[in-house]
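Q: Going by my numbering, the first residue of the sequence shown is number 164, and it counts up by one from there.
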Amino acid sequence: MTHAAHIILSAMLVLGLSACADGLFQGGVSGPSIESGADPVPDIPVAETSAVPDPGRDRAGETIASLGDPGDPGLWLRTPLVSSEQQGLVTAQNGASVQLTLIPIAGDPGAGSQISLAAMQALNVPLTDLVTLTVTPG
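Structure, rendered in structure tokens:
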């Protein structure tokens, strides 16, 4: 490499680095730099979180239920198929149905449910079985 070519390449390198530092190769847009003390990430207010009903819940669905706490009286089904306590209809595979209270529990909609002793008796299903139920909220 000749001495003249070496000088030209060095000058181009210095000019190129200088242009990068001036923001010329940043799409022509200049903004706050970290050195200036400006915050490069804008403050975005975060909304308060609250329980929002899951639109995938509160619709008819199927669940496998086992006997819940036999000491809890009443007709109820604790199920992840609903997001709020409400009345609903439960139908067993034998065709028997019962109106009861649907109580939400944590879990995926396909997760199991717990049914009251009185509801199992009303559906005429064995207390020791896992029962497939069709659940219709509302």
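Every residue gets a Cβ at the ideal spot worked out from N, C-alpha and C, and that includes glycine.
How would you label Arg241, buried or exposed, when you count the other beta carbons within 10 angstroms and need 16 or more for buried?
A: Here residue 241 refers to the residue found at position 78 of the sequence shown. Buried.
Q: If the criterion is Cβ atoms closer than 7 Å, does the pair Leu230 and Val245 meet it?
A: The sequence position of residue 230 within the sequence shown is 67, counting from 1. The sequence position of residue 245 within the sequence shown is 82, counting from 1. Taking 7 Å as the Cβ cut-off, Leu230 and Val245 do not qualify as a contacting pair.
Q: Helix, strand or coil: which one does DSSP assign to Leu244?
A: Position 81 of the sequence shown, counted from the start, is the residue given in the question as residue 244. It is coil, neither helix nor strand.
Q: Quick check: the Cα distance between Ala282 and Gly224, rounded to an integer number of angstroms?
A: The sequence position of residue 282 within the sequence shown is 119, counting from 1. The sequence position of residue 224 within the sequence shown is 61, counting from 1. Their Cα atoms are separated by approximately 18 Å.
Q: Please state the DSSP three-state secondary structure of Leu293.
A: The residue you call residue 293 lines up with position 130 of the sequence shown. Leu293: coil per DSSP, three-state reduction.
Q: Among residues of its own chain, excluding the 5 on either side of Ala228, which ones have a beta-carbon nearer than 6 Å to its beta-carbon?
A: Within the sequence shown, residue 228 is the residue found at index 65, counting from 1. If we look at Ala228 and ignore the five residues flanking it on each side, its Cβ neighbours are Ser276, Ile278, Val294 and Leu296.
Q: Looking at the unbroken alpha helix (DSSP H) that takes in Leu286, where does it start and where does it end?
A: The residue given as residue 286 occupies position 123 in the sequence shown. Where Leu286 is concerned, there is no enclosing alpha helix (DSSP H), given that its DSSP letter is neither H nor E.
Q: May I ask you to report which of helix, strand or coil DSSP gives Leu280?
A: As a first step, residue 280 is located in the sequence shown; it is residue number 117 there, counting from the start. Helix at Leu280.
Q: Name the DSSP beta bridge partners of Leu265, please?
A: Taking the first residue of the sequence shown as 1, we reach residue 265 at position 102. Leu240 and Gln249.
Q: Thinking C-alpha only, which one of Asp232, Ser247 and Pro236 is nearest Ile268?
A: Taking the first residue of the sequence shown as 1, we reach residue 268 at position 105. Ranking Asp232, Ser247 and Pro236 by Cα distance to Ile268 puts Ser247 first.
Q: Going by DSSP in three states, Pro300 sits in which element: helix, strand or coil?
A: Locating residue 300 in the sequence shown gives position 137, where the first residue counts as 1. In this structure, Pro300 counts as strand in the three-state DSSP scheme.
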